[in-house]
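Engineer: Numbered by our numbering, the letters in the sequence shown go through residues 1 to 218 in order.
Think of the CB as a built atom: it goes at the ideal place given N, C-alpha and C, for glycine as much as any other residue.
Dropping a structure here in structure tokens format, bear with me for questions.
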Amino acid sequence: MNASAPRLRRGLYLVLTDPPAGYERMAEWAMDAGLPAIQFRPKRIPSRIATDREWLRVARALRAITRGSSTLFIVNDRPDLAILSEADGIHVGQEDLPPGEVRRLIGNQRLLGLSTHNLDQVRAANAEPVDYIGFGPLFETNSKDHPDPVTGPDLLAQAAALSRHPIVAIGGLTAERVATLPCAHYRCAAVIRAVAEATDPALAMKTLQRQIQENEWI
């Protein structure tokens, strides 16, 4: 783990992909709920945003909102947007730029996360210059067009025993499902739709954040 980068606190890791309530409002609610991190996931299709210039505008707006707060701002897949917006970190997937090359671009002052979907990838991540790994999907999810095979909570336990890095659990998580996960197996629980599609997203954030923190005794 990189000692120079910000530390990812325990709690809800909120992924933002074209949320109905709007990016800026979701970021403000996340800060109010005390979330450890929000991840800006600039995906083109389907999206109301069509150009890189607009993505950069949104990234900079989110950075301005979260700057100086305890909620870290992380950009998905796009080191260029992370650097230009002065984000706290970047998260990459298995098919994105290699973590070593991304580290060269972003330096040691930013967090670097890597998605993993099986134990072989967790082992490989142990040798990479990353600060945390995402692991999942734990449950069935519709947040991706072509999701990876479901890992399940049992494989999360094995990943936690194997990984040198803190784990962000992701994939089909709800407050009820988070309640069943032993806290020793993950640092953060990541969600997209459980908050974005909630009737009251701000309340959903607070509920999930509280659920994760209350789970520390499990």
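Put residue 91 into one of helix, strand or coil per three-state DSSP.
Structural biologist: One-based indexing of the sequence shown puts residue 91 at position 91. Correct three-state label for residue 91: strand.
Engineer: Residue 41 and residue 16 - do their beta-carbons sit closer together than 9 Å?
Structural biologist: Walking along the sequence shown from the start, residue 16 turns up at place 16. Walking along the sequence shown from the start, residue 41 turns up at place 41. It is a contact, given that the beta carbons lie within the stated cut-off.
Engineer: I want to know whether the segment 107 to 123 touches the segment 89 to 97 - three or more CB-CB distances under 8 Å.
Structural biologist: Yes, they touch.
Engineer: Please say whether residue 69 and residue 31 have beta carbons closer to each other than 9 Å?
Structural biologist: Taking the first residue of the sequence shown as position 1, residue 31 is located at position 31. Taking the first residue of the sequence shown as position 1, residue 69 is located at position 69. A contact, by the Cβ cut-off of 9 Å.
Engineer: Would you check if there are 3 or more beta carbon pairs closer than 8 Å linking the segment 167 to 174 to the segment 185 to 204?
Structural biologist: Short answer: they touch.
Engineer: When DSSP labels each residue in this structure, what does residue 215 get in the three-state scheme?
Structural biologist: Against the sequence shown, residue 215 aligns to sequence position 215. Residue 215: helix per DSSP, three-state reduction.
Engineer: Give the DSSP-derived three-state secondary structure of residue 17 in the structure shown.
Structural biologist: Position 17 of the sequence shown, counted from the start, is the residue given in the question as residue 17. Looking at residue 17 - three-state DSSP - the assignment turns out to be coil, as it is neither helix nor strand.
Engineer: DSSP state of residue 130, grouped into three classes?
Structural biologist: Sequence index remark: in the sequence shown, residue 130 carries index 130 (1-based). Coil.
Engineer: Using only CA atoms, which one of 66, 51 and 14 lies nearest to residue 28?
Structural biologist: Translated into the one-based positions of the sequence shown, residue 28 becomes position 28. Per the Cα distances, 66.
Engineer: DSSP three-state call for residue 199: helix, strand or coil?
Structural biologist: Position 199 of the sequence shown, counted from the first residue, corresponds to residue 199. The answer is coil: DSSP assigns residue 199 none of H, G, I, E or B.
Engineer: Quick one: grab the DSSP three-state call for residue 179.
Structural biologist: Looking up residue 179 in the sequence shown gives position 179. Coil.
Engineer: Just the Cα atoms here: how many angstroms apart are residue 133 and residue 118?
Structural biologist: For the purposes of this step, residue 133 is taken as the residue at position 133 of the sequence shown. For the purposes of this step, residue 118 is taken as the residue at position 118 of the sequence shown. Their Cα atoms are separated by approximately 11 Å.
Engineer: What did DSSP end up calling residue 192 once you bin it into helix, strand or coil?
Structural biologist: Position 192 of the sequence shown, counted from the first residue, corresponds to residue 192. Reduced to three states, the DSSP call for residue 192 is coil.
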